[in-house]
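S.K.: Take this structure first; my questions come after.
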Amino acid sequence: MPKPVCISCGREFRVKKIGVRAQENIGANGEPYKIWSADIWECPKCLYQIISGYGSKPMSNVFDKDFKQIQETVEIIFY
2 MPKPVCISCG REFRVKKIGV RAQENIGANG EPYKIWSADI WECPKCLYQI
52 ISGYGSKPMS NVFDKDFKQI QETVEIIFY
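Heads up, the sequence shown stops at 80 in our numbering, and the numbers go up one at a time, no gaps.
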């Protein structure tokens, strides 16, 4: 799989952290919806970061009974 490339620097991103928990929020109020396992990638020159490498299914969604417990370990929130 090709690595993401930084538009500003033209450098390939490098993996900075594997397996972070990222919460997806939806709706007008940004309500919690799903929690994903993903990776943080970083440009080695300008240090810009992106999230990539999601699994095919979320770790948990708002309807799961363990959602609140997993939500306590979330590192990143996105919309």
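For every residue, glycine included, the Cβ atom is placed at its ideal position computed from N, Cα and C.
It should be emphasised that the depicted structure is a prediction, and the values quoted were computed from it without experimental measurement.
Using the C-alpha atoms, what's the distance from E43 back to F14?
M.R.: Rounded to whole angstroms, F14 to E43 spans 5 angstroms at the Cα level.
S.K.: So, F36 versus Q72, is the Cβ gap smaller than 8 angstroms?
M.R.: The sequence shown places Ile at residue 36, not Phe. Against a cut-off of 8 angstroms, the Cβ pair of Q72 and I36 comes out as a contact.
S.K.: When burial is assigned at 16 or more other CB atoms within 10 Å of the CB, is S61 buried or exposed?
M.R.: With 16 or more Cβ atoms within 10 Å of its Cβ, S61 is classed as buried.
S.K.: Leaving out five residues on either side along the sequence, give the residues of the same chain with a beta carbon under 8 angstroms from the beta carbon of P59.
M.R.: Correct list, in chain order: E25, K35, I36, W37.
S.K.: What is the DSSP secondary structure of I8, counted as helix, strand or coil?
M.R.: Looking at I8 - three-state DSSP - the assignment turns out to be coil, as it is neither helix nor strand.
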